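Be aware that the sequence shown starts at 21, since it is given in our numbering, and climbs by one per residue. Comments concern the structure below.
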Amino acid sequence: MATTSPAGGDFEQRLQMVNSQLRTGDVVDQEVLAAFLDTLRERFVTAASVPLAYLDRPAPALGARTRRLLRPLTLARMLQAAAVKAGDRTLDVGGGSGYGAALLNRMGAVVVALESDPGAVSTARELLAGRANIAVVEGPLEAGAADRGPFDVIVVEGAFRVQPGALLGQLADGGRLVGIDAVMGAPQAALYERRGAGVSRRALFEAAADVLDGFQPAATFAF
C-alpha cells in the first residue's frame, strides 16, 4: 500500500522522483528538493496523466488546451540555477495549471503566475486558491507583467525562439531569468542575470520543451 504524507497524495512516488531523478540529476539545493517532495504534481495534470505524474516527462496541464508541464528534472535544475530565495518577487511564465508557481511558493517566493491559456488560468486559480503570496493573471506571455514588477526571478516554463526582451526588461538589478533558449542551435536551458543596465547569459544544460505562444518568430513570406 502506498504511503501518503500529511499533505496527501502518493508520498512514495514523490520521494522516488526526488531520489532517483532529481538527486541523480545534480539537483542538490535542499529548498528545491523539499519543494518537489511536498508539492503534489498529480493535482496539476490531466486525469489520464495522474498515474504517470512522477515520471521524468512532460505532462498535459490540467484545464489547458495544449500547455504541458516541464519535465520535473528540467524544472528543478532551472529553479536551482535561479537561486530562488524566500521573499523573492517571482514571475512564473507559461506554467499552465500552476505546478511551478506552487513550487516557487513552497520555496518562500512571492509569485505572479502569468498564463495565456484561459482554461489553465481558471484551473490554476482554483488549485492555488487560499495560498498566500500567489496571484494568477491572464495575459500574453511575451509581455510579462510590468505593473507587478520588477522581479527578482522570472521562470519561463517553456522554450522561446525569440529573445524575451520584455521579460528581461522587468528584471530587478541582480534579477535572474531562466528558460529554454531555442533562438539558435540546439535548445538549452539558460540563465540571464541583470547587473545595472547590462544582462549576461550563461548556458546551463541541453533541454527540450514546447515553444510557448508569443515566443515564435514572426512569419515571413517568400515571393
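For glycine and all other residues, C-beta sits at the position ideal for the given N, C-alpha and C. Note that the structure is predicted; figures quoted are calculated from it, not measured.
**Prompt:** What does a CB cutoff of less than 8 Å around A121 pick up in its chain, not counting 5 residues either side in sequence?
**Reply:** Within the same chain, and ignoring the five residues on either side of A121 in sequence, the residues whose Cβ sits closer than 8 Å to its Cβ are D112, G115, V131, A133, A144, L148, I154, V156.
**Prompt:** Going by Cα to Cα distance, which pick from V198, A165, Q190, F180 is closest to T94?
**Reply:** For T94, the nearest C-alpha among the options comes from V198.
**Request:** Return the Cβ separation of P123 and F56 in integer angstroms, given the expectation that the two are a contact with Cβ distance under 8 Å.
**Result:** Here the sequence assigns Leu to residue 123, which means Pro is not the residue at that position. Rounded to whole angstroms, the Cβ separation of L123 and F56 is 7 Å, and the two are in contact under 8 Å.
**Message:** Which residue marks the beginning of the alpha helix (DSSP H) containing G120, and which one marks its end?
**Reply:** Residues 119-126.
**Prompt:** Leaving out five residues before and five after R181 in sequence, what residues of the same chain have Cβ atoms less than 7 Å from its Cβ?
**Reply:** Only A202, V203, V231, F235, Q236, P237 meet the Cβ criterion.
**Request:** Leaving out five residues on either side along the sequence, give the residues of the same chain with a beta carbon under 7 Å from the beta carbon of P80.
**Result:** Hits under 7 Å: V65, T66, S69, R88.
**Request:** State the Cα-Cα distance for the pair R34 and L90, rounded to the nearest angstrom.
**Result:** Looking at the two C-alpha atoms, the distance is approximately 16 Å.
**Request:** Would you mind sorting P26 into buried or exposed? The rule is 16 or more other CB atoms within 10 Å of its CB.
**Result:** Because the pLDDT at P26 is just 39, under 50, the model does not fix this residue reliably, and the value given afterwards should be weighed accordingly. Label assigned to P26: exposed.
**Request:** Would you grab the beta carbon distance between L187 and G164 for me? Rounded to a whole angstrom, and I think it's under 8 Å.
**Result:** About 5 Å; that satisfies the 8 Å criterion.
**Request:** Tell me whether M21 is buried or exposed, calling it buried when 16 or more other Cβ atoms sit within 10 Å of its Cβ.
**Result:** Because M21 sits at a pLDDT of 27, beneath the cut-off of 50, its placement in the model cannot be relied upon, and the point is left open.
**Message:** Check for me: the beta strand (DSSP E) holding F180 runs from which residue to which?
**Reply:** Unbroken beta strand (DSSP E) run through F180: 171-180.
**Message:** Rounded to the nearest angstrom, what separates G28 and A73 at their Cα positions?
**Reply:** In this prediction, G28 has a pLDDT of 48, which is less than 50 and means its spatial position is unreliable; nothing more can be read from the coordinates.
**Request:** Using a threshold of 9 Å, state whether the C-beta atoms of M37 and P92 are closer than that.
**Result:** Taking the C-beta atoms as reference points, P92 is found nearer than 9 Å to M37.
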